[in-house]
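All remarks here apply to the structure that follows.
2 protein chains.
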Amino acid sequence: MATLMEVARRAGVSIASASRALNGESASPRTVELVTAAARELAYVPDARARGLKRGSTGQLAFGVADVGNHVYVEMMRAVEDAVRAEGYRVLISSVGSTVETEVELLRSLASGYVDGLIISPLRVDDELLAELAQLRVPVVVVGLLPQPGGFDNVRANSAAGVALAVEHLLETGRRRIGFVNGPEDTTPGRVRGEAFGAACDRTGVVERRAVASDFTFAAGLLAARQLLGAAAAAGEPLDAVVAANDLIAAGTYHAAAEQGLTIPSDLAVVGMDDSALAAQLLPTLTSVDLGAAVRGRHAAELLLARLREPGRPAQSVVVEPALIVRSSTAAPDGAVPSVAAPATTAPATTAPSTAGPPYEAGDPT
Amino acid sequence: MATLMEVARRAGVSIASASRALNGESASPRTVELVTAAARELAYVPDARARGLKRGSTGQLAFGVADVGNHVYVEMMRAVEDAVRAEGYRVLISSVGSTVETEVELLRSLASGYVDGLIISPLRVDDELLAELAQLRVPVVVVGLLPQPGGFDNVRANSAAGVALAVEHLLETGRRRIGFVNGPEDTTPGRVRGEAFGAACDRTGVVERRAVASDFTFAAGLLAARQLLGAAAAAGEPLDAVVAANDLIAAGTYHAAAEQGLTIPSDLAVVGMDDSALAAQLLPTLTSVDLGAAVRGRHAAELLLARLREPGRPAQSVVVEPALIVRSSTAAPDGAVPSVAAPATTAPATTAPSTAGPPYEAGDPT
DNA sequence: CTGTTAGCGCCTTCAC
DNA sequence: GTGAAGGCGCTAACAG
């Protein structure tokens, strides 16, 4: 409401002195006192646009996520916030629609002066989007697999390794008829996880059975799991385990299993992915692959801060390795709890997700 | 990157003509063509700060939520987005910390030019915060109970009525020993819900038993529920029902019940509040009180838009009434499914949340 | 230590 | 229909 000019006039000093006094630049104690008093009386709040226009920076960063309803992004977001707070940045969250147009629109608008940098985690990354990102006037860090290496600071999970962990764990606990409920395979994570499951089946001799949900959501997961379990049962070969492409789909699988009278884990083992808060909230608690959401968020924030400090530095890529968090949903079928199983309410990973250094070396990460 | 001046120079016209051409003001077809071509080649994106500085508006709104991890806010947020999109506004989400200082800090910064209006849903609303809000240069809509009526556009749920609905439903399904797991009672919702439970007990003759979680979260709910159930069992009067102050606490109650060997709903009925996505994801599905999160979000958006159009209008208040969504967690204890119970996976309310017109009339709403 | 001045990039009267 | 000029609110040089 009040402008700096009004504050200056009220304090009886020049506008420049007022600015200096408020920003801690050299000014006499008396001036500082006068100006701060005037500012308080007028409830002066500096106009961020004008300041940004002059200084060229805003102190704000934005985090664009595909689905604010997915707890994975919440964890990432918290990690990003923690990491940038120390440097004095604030984080705005923005839900980028699932369509590319609205996404581009949004990125442009954010990057046109409201924020100093962007972290985005889209479900679908194509060349059009990347071309757009390259035009932005602020640096961008992409969380997720890029169609081609280089060009952007990038953080990603190794979800292919995660799928392999899940399958191996199920085999070790004695399951053999393992199905996979994937998310949409035209998304980056869906494609990678689907391929990884196929590869794991080939490698281990498991017969490949899968269903594809129309979305990475509970409702879509329920439908797909119902179909997968039903088809297997109808064929006289009921599954004894399901790997779900994320925890929400795993929750849908719980419901599909209940509908068919299957008890988890004795009749059916379930493994989720993401190790979101939901995994510990379900009953029985869900064994899940931790894809290191928080770690990815932290890395993304650090890459962005580094680029803000040094705009010319080469683009860098970080891969976060998965860890299996064993809970009750994969306990041994005979009812005996295997020694590796963690207590029901214990979440922390035993093997913390680690990062690989050199860009693009880990095999087929998301 | 590129400025309007550069575009103008490249097009061979004045900066004013370039501005007009790009904004659809009167300009010759030839000029328009020249300018748009130049803009495209230079990948020109107008600087939002400069434009905002000049025009006085940004086309952005912000939604400040207490906990981005709580699905209730996600639903509100989606409703807000849907409602303002039509008017051409974009919504930024910002997690306001639970402390008042960081909250004030954040609101100030947002309101200092980055957004045209604010919707906030804080867990604790005190006079200090309200005084701060009144100083902001942009309009604010508060979602939640205000310490005193008037002064702000305001939307709130009637969570007291919601608690009453829950208790009545439990009594109707034959439960008598009903406990309450509240959230922190120094928060607005915690206080109101706690008082409402006390009132419901007085009214119905139920013996009041309660525990207070340190937060509206799963982990805190588990601890409090464990204590509540344990104490009642130790006293030789095991509970047959629990009302939880929100769905996350209800989920914690599920786990506490499982630890004590109680089966839901036959040994213990559970009712949650908020009817968040989690309610349908739990097994058995959770009966929950829909406090109309989406409806509240829509109302908040409409109030804000109205004030943006007409800044001088009187502050208005909207109360959204609750509706009970019956699922499996309160099925009759003898195993028979009462006729009022909805199918396990059906979420929609039969009685849609409605809104009360006149400000501050409904009894003790949150 | 202080005041004057020149823009940051854009829009918008105002003359032409 | 077009160009020149002023100013949105602020900061950072520059003189004094």
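So the protein sequences, as listed, match chains A and B. Per the numbering used here, the very first residue in the first sequence carries number 1; after that it's consecutive. Per the numbering used here, the very first residue in the second sequence carries number 1001; after that it's consecutive. C-beta: ideal position from N, C-alpha, C; glycine also. These numbers come from a predicted model, not from an experiment.
Note on geometry: alpha-carbon atoms of G1205 (chain B) and V181 (chain A) lie some 50 Å from one another.
The alpha-carbon of G113 (chain A) is positioned some 31 Å away from that of V320 (chain A).
Among the bridge pairs identified by DSSP, G272 (chain A) is matched with A:S288. With at least 16 other beta carbons inside 10 angstroms of its own, P46 (chain A) counts as buried. Spanning the alpha carbons of R40 (chain A) and R51 (chain A) requires a straight line of approximately 19 Å. The Cβ of I1093 (chain B) sits closer than 8 Å to at least one Cβ of chain A. For the stretch 35–59 of chain A, the set of positions with a beta-carbon nearer than 7 Å to some beta-carbon of chain B reads A43, V45, P46, D47, A48, R49, A50, G52 and L53 in chain order.
In the structure shown, D1127 (chain B) falls within a helical segment according to DSSP collapsed to helix, strand and coil.
Annotation for R210 (chain A): G179, F180, V181, N182, G194, F197 and L228 place their beta carbon closer than 8 Å to its own, counting only its chain and skipping 5 residues before and after. Under a criterion of Cβ atoms nearer than 8 Å, the residues of chain B adjacent to V74 (chain A) are, in order, V1068 and G1069. Cβ neighbours of A250 (chain A) within its own chain (closer than 6 Å, five residues either side excluded): A244, V270, G272 and L286. Counting along the chain, the unbroken beta strand (DSSP E) around A241 (chain A) starts and ends at A241 to A244. Take I15 (chain A), set aside five residues on each side of it, and the residues of its chain with a beta-carbon closer than 8 Å to its own are L4, M5 and A8, in chain order. The three-state reading of DSSP puts Q1260 (chain B) in coil, since its state is none of H, G, I, E or B. Around the CB of T1173 (chain B), 16 or more other CB atoms lie within 10 Å, so the residue is classed as buried. Of all alpha-carbon atoms in A:G150, A:D274, A:Q281 and A:E25, the one lying nearest the alpha-carbon of M76 (chain A) is that of A:D274. Ranked by Cα distance from R296 (chain A), the options A:G144, A:V84, A:L110 and A:D126 are led by A:G144.
Counting the other CB atoms within 10 Å of its CB gives A1200 (chain B) a total of 16 or more, which places it among the buried residues. Closest in C-alpha terms to A224 (chain A), from the list A:V68, A:P184, A:Y89 and A:A131, comes A:P184. Residue-level contact check: A251 (chain A) touches chain B, since one or more beta carbons of chain B fall below 8 Å from its beta carbon. For G1056 (chain B), there is no enclosing beta strand (DSSP E), as DSSP marks it with neither H nor E. By the CB criterion at 8 Å, S26 (chain A) and R20 (chain A) fall inside the cutoff.
Residues of chain B with a Cβ closer than 7 Å to the Cβ of G113 (chain A) are, in chain order, D1047, A1048 and R1049.
One thing to note: V1091 (chain B) has its Cβ no nearer than 8 Å to the Cβ of G1117 (chain B). Taken through DSSP and simplified to helix, strand or coil, D47 (chain A) comes out as coil. For S109 (chain A), at least one C-beta of chain B is nearer than 8 Å to its own C-beta. Judged by DSSP in its simplified three-state form, N23 (chain A) adopts helix. Classified as buried, S17 (chain A) has 16 or more neighbouring CB atoms from the shown chains inside 10 Å of its CB.
Put simply, the stretch 1250–1268 of chain B does not touch the stretch 305–323 of chain A. Fewer than three CB pairs are less than 8 Å apart. Judged by DSSP in its simplified three-state form, F180 (chain A) adopts strand. The Cβ atoms of I1325 (chain B) and D1290 (chain B) sit closer than 8 Å to each other. At a C-beta separation below 7 Å, M5 (chain A) has no neighbours in chain B, since its nearest C-beta there lies roughly 14 Å away. For the alpha helix (DSSP H) assignment, the uninterrupted runs of no fewer than 4 residues enclosed by the stretch 1188–1229 of chain B are, from N- to C-terminal side, 1188–1204.
R307 (chain A) sits in a helix when the DSSP states are folded into three classes.
Under the Cβ distance rule, R1327 (chain B) does not count among the residues neighbouring chain A, no pair being separated by less than 8 Å. Using beta-carbon distances, R1307 (chain B) does not count as an interface residue toward chain A, since no partner is under 8 Å.
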